[in-house]
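Those letters in the sequence shown? Residues 13 to 183, per our numbering, in order. Idealized CB from N, CA, C, for every residue including glycine. As the structure is a prediction and not an experimental result, all values here were calculated from the model. Step one of this worksheet: look at the structure below.
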Amino acid sequence: ADALTALGAPVAAQDTPGVAELAATYPVITGAEAYATHRRWFAERRDEYQPATAARLAPHAEAPAHLYVDARRERRRVGRALLDRLGASCDVLLCPTTRLRATPIGATEHDGVPVLPSMLQLTSPFNLLDRPVVALPVPVPGLPAGVQLVGITVGEDVLLGLARALERALR
13 ADALTALGAP VAAQDTPGVA ELAATYPVIT GAEAYATHRR WFAERRDEYQ PATAARLAPH
73 AEAPAHLYVD ARRERRRVGR ALLDRLGASC DVLLCPTTRL RATPIGATEH DGVPVLPSML
133 QLTSPFNLLD RPVVALPVPV PGLPAGVQLV GITVGEDVLL GLARALERAL R
């Protein structure tokens, strides 16, 4: 935020109501869509899937369709409200890419926080809303960390230009 201010960008704190609700729809939507894509091969060649992938696909084989439909409706409702609120006060949102710093490969928990869901909670809402996003590493002591710039009212060209300027400023 300080680097953006130094670049002349106005910076103000923003609330992001609905981000947790959007993140909760992500595994339902993407799980159903991934299963639909792999359904035939998964049924015929399940043993060829890596165990972790098979474990993620399997629950969606018997999931009721209404869960997917409900999640898409929730995404549309909550997403519209979030974008309307943010669009009234900001063009670009700056936020962390993850709730956790880097974790050891294979770690399932860090300081009592589940790793995999935490890695997606702050990026998946904007993926679901089809907004352009650029993630950047930030120079901090210790384990790596990153931020993301989300285009709320701006497109990819403006967002990429801002990301380029921010990346240079952080060096």
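Residue i classed as buried or exposed, judged by whether at least 16 other C-beta atoms fall within 10 angstroms
i, result
"P116", "exposed"
"Q62", "exposed"
"V40", "buried"
"R183", "exposed"
"G30", "buried"
"V104", "buried"
"G43", "buried"
"V81", "exposed"
"G154", "exposed"
"A25", "exposed"
"G173", "exposed"
In DSSP terms, what residue i is bridged to
i, result
"V146", "L161"
"V125", "H122"
C-beta neighbour in chain D for residue i, strict 9 Å
i, result
"L98", "Absence of chain D from the displayed structure is noted, only one protein chain being present."
First and last residue of the uninterrupted beta strand (DSSP E) at residue i
i, result
"P108", "104-108"
Residue i: first and last residue of the uninterrupted alpha helix (DSSP H) it sits in
i, result
"T49", "31-57"
"S136", "136-140"
"R89", "77-99"
"D185", "What is shown of the chain runs 13 to 183, which leaves residue 185 out entirely."
"A64", "63-69"
"D14", "14-18"
Rounded Cβ spacing between residue i and residue j (contact assumed at less than 8 Å)
i, j, result
"G158", "P149", "5 Å"
"P144", "E179", "Not confirmed; about 16 Å, so no contact."
"I164", "L79", "In fact, because the Cβ distance is near 29 Å, the residues do not count as touching under 8 Å."
"A18", "A181", "6 Å"
Practice prompt. Determine, using beta-carbon pairs with one atom in the region 62-76 and one in the region 102-120, whether at least three such pairs fall under 8 Å.
Written response: no
Discussion item. I want to know whether the region 97-104 touches the region 117-131 - three or more CB-CB distances under 8 Å.
Written reply: no
Discussion item. Across the region 23-39 and the region 129-138, are there enough close Cβ pairs to call them in contact, namely three or more that are closer than 8 Å?
Written reply: Pairwise C-beta distances place the region 23-39 in contact with the region 129-138, as three or more of them are shorter than 8 Å.
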